[in-house]
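Encoded as structure tokens, the structure appears first; notes follow it.
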Amino acid sequence: MRKYLILFLLAFMQLQSFAAEVVVTVGNLAWGEKNELVISMNNDAEVNGFQLDLALPDGFSFTDNGRGDVAPAVTERLEDLTVMCRKLPSGKYRIVVFSMSGKKIVSSEGVIMRIPLAGNGGVSKGRYEVRVLNASASVTVDGKMESAKIAGSTSFIEVK
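Positions 0 to 159 (numbering that gives the first Met the number 0) are the ones given, in order, by the sequence shown.
Rendered as structure tokens:
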């Protein structure tokens, strides 16, 4: 009996350390298709909010309203949450997602938003890197709010 209890406790401890993992990926894009960047999230804990920066390659930008604000199309996973996306002076884009009412992103995986992408003319054939940087989240684990680093990714835009 003691052997099983120790194994259960070890398994429980491993689950607890894994519970706050949040992964954001940016899907690869072949230019000329729908020309939107698809962002997915795989979160094992409830996410209260998150922020990340996206570094787009030279010659690419998100379609904005002329003042630098970008309006991503969100999926039901981000419904009723505030989503802000803005170009920074560094040229990167910052995405911030939060809720003033306390709504959370439930633990799940899948697409969370799509952002229209524009080529700024003169983009030649090639493979261009898109990077997720400086990403962090506020998560709820066992009823406690914690900070979690988001494991980002590098994806590519393929221009043929």
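Quick reminder that beta carbons are idealized off the backbone N, C-alpha and C, glycines included.
Same chain only: Cβ atoms within 7 angstroms of residue 146, ignoring 5 sequence neighbours per side: Here residue 146 corresponds to residue number 147 of the sequence shown, with the count starting at 1. The residues are 135 and 137.
Mind checking whether residue 156 and residue 111 have CB atoms under 9 angstroms apart? Against the sequence shown, residue 156 aligns to sequence position 157. Against the sequence shown, residue 111 aligns to sequence position 112. Contact flag unset, no.
Quick check on the burial criterion: 16 or more other C-beta atoms within 10 angstroms. Buried or exposed for residue 143? Sequence index remark: in the sequence shown, residue 143 carries index 144 (1-based). Label assigned to residue 143: exposed.
Test item: CB-CB of residue 80 and residue 96 under 9 angstroms: Indexing the sequence shown from 1 puts residue 80 at position 81. Indexing the sequence shown from 1 puts residue 96 at position 97. The Cβ-Cβ distance between residue 80 and residue 96 falls below 9 angstroms.
Using CA coordinates, which residue listed in 46, 35 and 131 is at the minimum distance from residue 60? In the sequence shown, counting from the first residue as 1, residue 60 sits at position 61. Considering only alpha carbons, the answer is 35.
Could you tell me whether any non-hydrogen atom of the ligand GTP is closer than 8 angstroms to the CB of residue 156? The ligand GTP is absent from the structure shown, which contains no ligands of any kind.
Which residue from 158, 105 and 131 puts its Cα closest to that of residue 148? Start at 1 with the first residue of the sequence shown, and residue 148 comes out as number 149. Among 158, 105 and 131, the Cα nearest to that of residue 148 belongs to 131.
Using a Cβ-Cβ cut-off of 6 angstroms (strictly less than) and excluding sequence neighbours within five positions of residue 83, which residues of its own chain qualify? Indexing the sequence shown from 1 puts residue 83 at position 84. Within its own chain, the residues whose Cβ lies closer than 6 angstroms to the Cβ of residue 83, once the five positions on either side in sequence are excluded, are 95, listed in chain order.
Take residue 49 as the anchor and find which of 86, 77 and 129 has the nearest alpha-carbon. Position 50 of the sequence shown, counted from the start, is the residue given in the question as residue 49. Closest option to residue 49, Cα to Cα, is 77.
Who are residue 116's beta bridge partners in DSSP? Position 117 of the sequence shown, counted from the start, is the residue given in the question as residue 116. Answer is 61, bridged to residue 116.
Host beta strand (DSSP E) of residue 130 (start-end): Residue mapping note: residue 130 aligns to position 131 of the sequence shown, counting from 1. Element bounds for residue 130: 125–140.
Based on the DSSP output, what are the partners of residue 48 in its beta bridges? Indexing the sequence shown from 1 puts residue 48 at position 49. 137, per the DSSP bridge assignment.
In the DSSP assignment, find the unbroken beta strand (DSSP E) run with residue 144 in it and report its ends. Locating residue 144 in the sequence shown gives position 145, where the first residue counts as 1. That run of the beta strand (DSSP E) goes 143–150.
May I ask which residues mark the beginning and end of the beta strand (DSSP E) holding residue 76? Locating residue 76 in the sequence shown gives position 77, where the first residue counts as 1. No beta strand (DSSP E) holds residue 76; DSSP gives it neither H nor E.
What residue range does the beta strand (DSSP E) around residue 99 cover? On the sequence shown, residue 99 is found 100 positions in, with the first residue counted as 1. Segment: none, residue 99 is in no beta strand (DSSP E) and carries neither H nor E.
What residue does the beta strand (DSSP E) around residue 158 start on, and which one ends it? Position 159 of the sequence shown, counting from 1, holds the residue named residue 158. 153–158 is the extent of the beta strand (DSSP E) around residue 158.
Give the straight-line distance between the Cα atoms of residue 53 and residue 141, rounded to the nearest whole angstrom. As a first step, residue 53 must be located in the sequence shown, where it is residue number 54. As a first step, residue 141 must be located in the sequence shown, where it is residue number 142. For residue 53 and residue 141, the distance between alpha carbons rounds to 31 angstroms.
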